[in-house]
Each structure stands twice: as structure tokens, then as C-alpha cells.
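Below: the structure, in C-alpha cells.
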Amino acid sequence: MFIGIAAALIAGTMLGLYALPGKYTSDFEEENKWSLFFVLTMFVVPLIATLTLMKGVGNIYSGIDSSILLTMIVSSFLWGVGVMMWGKAIDHIGLSLGFSLFIGTVILVGSVLPLGIAISKGQPLPSTPAMIAILSGIAIVLLGVLSNGRAGLTREADEVALKAAEDAKAENKESTQSKSYALGIFIAVFGGLLATGFNVAFTYGAGPLGDAVKANGNPGWMTAMAVMLPVFLSGGVVMTLYFLFQLSKKKAWGKFKTPAFGKNFILIFIMAFFHYAASAMYAFAADSLGANGPIVVYAIFNTTCLVVAVISGILTGEWTKASPAARRWLYTGLACMVIGVLVLAFGQTLDQAPAAANSSPIQQLVSHA
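Residue numbering for the sequence shown follows numbering that gives the first Met the number 0, beginning at 0 and increasing consecutively.
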């Protein structure tokens with residue numbers, strides 16, 4: 000049990016910190032940083048990890064039905080756009096808000112989606128106590144998302160007011176900054192909606208790929224890796240096309256020719272490794288804790304990720320110019336999300352048989368990849 004819990008804590012910490020090294024790159028435009036990151040995290044790291052750790056890779060993918068693979072690819076395109084928007088949101092509004100708004104949205108949709116699927120398929124819904132707990136958790140997380148949005152807008156007003164006291168031209172900059180913050184909040188939330196495409200890909204692919212993974216002598220937790228490879232490769236295509244266009248449009252290709260490239264590459268590779276390894280580590284943690292592992296890890300992973308991301312944003316000075324009111328909104332949002340995640344996890348335990356415990360929670364967790 001200790002190993003599983005430690006793995007969950009490490010996974011949450013890695014995801015919460017993955018974007019932090021990007022703050023210390025130099026001589027790179029936003030497009031340079033994120034294009035290199037997505038090449039590494041969508042292609043290089045997944046291929047190396049899968050081919051190195053997984054047995055019978057060719058056999059695993061050759062047996063999957065083409066219709067399932069097509070569904071996974073289409074869903075992965077949406078996920079790829081969502082993750083790309085996540086990176087843009089972090090640049091607009093920082094680590095604290097970028098993470099909490101994005102992941103809060105993913106948790107919301109990831110919790111509602113299984114209920115919608117059950118209704119559409121005529122499947123029985125959770126019992127009344129479980130439904131009350133799940134809906135309560137969703138409402139609390141939603142309150143956290145709204146609170147964080149308010150924190151961002153309040154922080155924006157604080158920074159504009161401070162600038163107005165220092166610069167007579169602040170009025171012209173106010174509209175630009177206001178647009179940036181509003182756009183950043185929208186990007187984070189909309190990106191979180193699209194990112195749940197991973198849930199769909201996992202729902203369709205986990206069954207057949209999981210059977211193939213085990214048939215080729217691999218442990219069950221590698222099912223997540225088997226799903227992640229086609230999802231990452233497909234999502235990576237979307238990101239590659241987008242950043243090829245952006246690098247050319249902004250004439251940023253020359254920025255790669257900098258003495259700081261070696262340092263930047265190492266920092267961005269750490270970002271890519273943390274981003275990918277967080278999901279693989281989560282899957283290992285869930286498998287290590289047995290029947291209720293996904294439920295326990297769901298709470299540990301999301302709570303750790305949110306707390307680490309917010310704290311790292313604060314420590315790197317994102318909220319230096321924010322008023323106490325803005326910080327209170329931020330802390331309230333974080334508290335609501337943590338409590339909401341715990342309530343959701345509790346609701347999942349109320350009427351789940353051990354055999355069924357590996358479905359919904361693991362889909363929600365893997366969606367953070």
C-alpha cells in the first residue's frame with residue numbers, strides 16, 4: 000500500500016510541476032517553448048517508454064479493431080487541442096489559475112460524462128446516496144472553478160490599478176491586459192472540455208488493449224501506456240501542424256539558434272518527461288492499491304496536483320501584486336476543488352463492487368495526461 004500511495008503522490012507532484020521549468024527558458028518565444036515540448040512529450044518520450052518497457056508492442060496494436068482505433072484517433076485530436084490550449088492558458092494566466100481551471104473543468108466533465116453514458120445506454124444509475132455524493136462533489140468542484148475565475152479577474156484588476164498608479168499610460172494597457180486574462184480563463188476552461196476526449200479514447204480502447212497487454216506478458220497498469228501511445232501520437236499531429244504554422248507566421252524559427260538552446264532543451268525535456276510520466280505513474284499506483292486503488296488514487300492524484308501547481312505559482316511570484324481579496328478567492332477555489340475531489344471519490348466507493356472499481360475513476364484520472 001505504501002508504494003501505491005507514494006506513487007500517487009509522485010504522479011500528482013510531477014503533473015503539478017510539469018510546466019514550472021518552462022518559466023526558466025531564455026531567448027525562446029512561447030511558440031518555440033511549446034512546440035519543442037509537444038514534440039518531446041507527444042512523440043519522443045511515449046515511443047521510448049513504450050518500446051522500452053512494453054513487451055509485444057507490434058502484437059498488441061495489430062489486433063485492435065480499426066473502428067476502435069479510428070474512434071480513439073478522432074477523440075485524441077480533440078484532446079490534443081485541449082492540452083495545447085492548456086499550455087496557452089498557463090502563459091496567459093500563470094500556473095496557479097491555468098492548472099486549477101483546466102483540471103477543475105476536466106474533473107467536472109470527467110465526473111458527469113460516465114453518468115451521461117449510463118443514461119444514453121439505459122444502464123442503471125448509482126444508488127441515491129452515491130448520486131447525492133457525486134452531484135455534491137460536482138457542485139463543490141464547480142464552485143471552485145468559479146472561485147478561481149473570480150480570483151483571476153480580481154488579480155487582473157489589482158495589477159491594472161497598481162500599474163495605473165505607476166504609469167500615466169496604464170489606461171491604454173488596461174484593455175489589452177483585461178482581454179488577455181479573460182481570454183486565458185476561457186482557453187483554460189474550453190481546453191479542459193476538449194481534453195476529456197482522452198476519456199472517450201480510454202473508454203473505447205482500454206478493454207481490447209488491456210486484454211492484449213496482459214496476453215503479451217505485461218502487467219495490467221501498462222494498459223494506460225498502451226492507450227496513451229496512439230492518443231499522444233494522434234494529438235501530437237494536431238499540435239505539430241498548429242505550431243508549424245505559428246512558428247512560420249511569427250518568424251520564430253530563428254529563435255531556436257540561441258546559445259541557450261542546450262539549457263532550454265533540458266528544461267523542456269523535464270517538462271515532457273513529467274507530463275507523460277505522471278499518467279503512467281498514476282496507472283501503476285492504481286494497480287498497486289488493488290480493487291479500490293483507482294478511487295484512492297483519484298483523490299490523492301488530483302489533490303496533490305492542484306495543491307502543488309497553486310503553491311508553485313505562488314512561490315514563483317505570480318500573485319505578488321495580487322490583493323488579499325484575490326488570494327482569498329484563489330485559496331477558496333483550491334479548497335473547494337480539493338474537498339470536491341474527496342467527495343467525488345467517496346461517492347464512487349458507496350455502491351461499487353470491487354470488480355467494477357476500475358472503470359470510471361481510472362478514465363477520469365488518465366484524462367489528465
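Cβ coordinates follow ideal geometry from the N, Cα and C atoms, glycine included.
Everything numeric in this text was worked out from a predicted model, so none of it was measured.
In the three-state scheme derived from DSSP, where H, G and I count as helix and E and B as strand, S25 is classed as coil.
When secondary structure is reduced to three states using DSSP, P125 falls in the coil class, being assigned neither helix nor strand. DSSP, reduced to helix, strand and coil, places E30 within a helical segment of the structure shown. Going by C-alpha positions, V80 is about 25 Å away from I63. Nearest in C-alpha terms to D157, of all of A138, T222, A325, M336, is A325. Around N263, the same chain offers T24, F27 as residues with beta carbons nearer than 6 Å, after the five sequence neighbours per side are excluded. According to the DSSP assignment, S287 belongs to the alpha helix (DSSP H) that extends over 260 to 287. DSSP, read as helix, strand or coil, puts S99 in helix. Look at the stretch 29 to 72 and you find these whole runs of alpha helix (DSSP H), each 4 residues long or longer: 29 to 38, 44 to 52, 56 to 61. Burial of L77 is indicated by the presence of at least 16 other C-beta atoms within 10 angstroms of its C-beta.
CA-to-CA, the gap between M71 and V82 works out to about 16 Å.
Here F242 has E30, W33, S34, F37 as same chain residues with Cβ atoms under 8 Å from its own Cβ, once five neighbours each way along the sequence are excluded. In this structure, G191 lies near V105, with their beta-carbon atoms less than 8 Å apart.
A residue is called buried once 16 or more other Cβ atoms fall within 10 Å of its Cβ, and F1, having fewer, is exposed. Judged by beta-carbon spacing, I313 lies within the 8 Å limit of S95, meaning their Cβ atoms are closer than that value. The C-alpha of Q347 lies about 15 Å from the C-alpha of N301. Straight-line spacing of the CA atoms in V307 and W220 works out to 25 Å.
One thing to note: S311 has its Cβ within 8 Å of the Cβ of G15. The closest CA to that of K54, considering only A187, M224, L341, P323, is found on M224.
If you ignore the 5 residues before and after P128, its C-beta comes within less than 6 Å of the C-beta of L349, all in its own chain and listed in chain order. Taking C-beta atoms as the reference points, G121 and M336 fail to come closer than 8 Å.
Excluding five sequence positions before and after G183, the CB atoms of its chain that fall closer than 6 Å to its own CB belong to A88, H91, I92, given in chain order.
When DSSP states are grouped into helix, strand and coil, W85 belongs to the helix group. Under the three-state reduction of DSSP, G235 is assigned to helix. Going by DSSP, T331 is part of the alpha helix (DSSP H) stretching over 323 to 348. Annotation for V236: F76, G79 place their beta carbon closer than 8 Å to its own, counting only its chain and skipping 5 residues before and after. Between the alpha carbons of F272 and M130 lies a gap of roughly 37 Å. A Cβ-Cβ separation of about 7 Å places L107 in contact with V144 under the 8 Å criterion. Rounded to the nearest whole angstrom, the CA to CA distance from N58 to S247 is 39 Å. G339 places its beta carbon less than 8 Å from that of G136. Excluding its 5 nearest sequence neighbours in each direction, V44 has C-beta neighbours in its own chain below 7 Å: A271, F272, Y275, listed in chain order. With respect to the C-alpha of P218, the residue from I67, A285, K162 having the closest C-alpha is A285. Taking a contact as a CB-CB distance under 8 Å, the pair T222 and A200 does not count as one, their CB atoms being some 12 Å apart. Looking from the CA of A5, the closest CA among G332, T315, F283 belongs to F283. P207 sits in a helix when the DSSP states are folded into three classes.
Straight across, the Cα-Cα distance linking V140 with T319 is about 26 Å.
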